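Numbering (this note's numbering), first residue to last: 1181 to 1380. Here a beta-carbon is modelled for each residue, glycine too, at the ideal position from N, C-alpha and C. Computed from a predicted structure; not experimentally measured.
As structure tokens, then:
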């Protein structure tokens, strides 16, 4: 049986999606984060347990009107049950460390759609809080690239359609839903190539 860290060169693959108040990691806030680590089941990659938190924007953060309209987040809505950025980072650090230890990986490698965007926001959170995450700081796996490789598509919804994975546009731009769908398509593409490699 394959070990997941062997497939990913000693790393634990963690699918990530975040919602932010704009596109500048230094000025805009990370407002929602969702992540799934990938598991192996009978030599097939599958979606593992989730991490999900709503986050209170850091003091002085700027909120871009267009970005907030897209993600639909109301920062001060009481039912968000948002937590401070530092608390989120501590919880995410624990989530990562636990599974990294279980599989014997070196650290996590982030997987996602245009994932460098999300990574830069996480690194900004890390700098503000001083809480170091056990992730690779520049090497990532981008599902936009994987989508081009397999389907000649870069848009997540189009990649999902060609993979015959259900996608509800009404739920898009929610971190948990987007991370779930990104994880499903990442598993689909990786399993396709792993199966073909096994036949060689």
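Own chain partners of residue i with C-beta closer than 6 Å, once the 5 adjacent residues on each side are dropped
i, result
"residue 1251", "1199 and 1353"
"residue 1330", "1369"
Sequence-distant residues of the same chain with beta carbon closer than 8 Å to residue i, five excluded per side
i, result
"residue 1185", "1191, 1192, 1283, 1284, 1285 and 1286"
"residue 1349", "1337"
"residue 1345", "1361, 1364, 1365 and 1368"
Neighbour-count burial assignment, residue i, 16 or more Cβ in a 10 Å radius
i, result
"residue 1281", "exposed"
"residue 1278", "exposed"
"residue 1221", "exposed"
"residue 1195", "buried"
"residue 1231", "buried"
"residue 1181", "Since pLDDT at residue 1181 reaches only 41, below the 50 mark, its modelled position is unreliable, and no value is offered."
"residue 1265", "buried"
Three-state class that DSSP yields for residue i in the structure shown
i, result
"residue 1264", "coil"
"residue 1335", "coil"
Test item: CB-CB of residue i and residue j under 9 Å
i, j, result
"residue 1276", "residue 1371", "no"
"residue 1355", "residue 1213", "yes"
"residue 1202", "residue 1218", "no"
"residue 1324", "residue 1293", "yes"
"residue 1382", "residue 1320", "Since the first and last residues shown for the chain are 1181 and 1380, residue 1382 lies out of range."
"residue 1315", "residue 1289", "yes"
Contact set for residue i: own chain, Cβ-Cβ below 7 Å, skip 5 residues either direction
i, result
"residue 1270", "1311"
"residue 1301", "1198, 1200, 1205 and 1210"
"residue 1318", "none"
**Prompt:** Between the stretch 1193-1213 and the stretch 1242-1251, do three or more beta carbon pairs fall short of 8 Å?
**Reply:** yes
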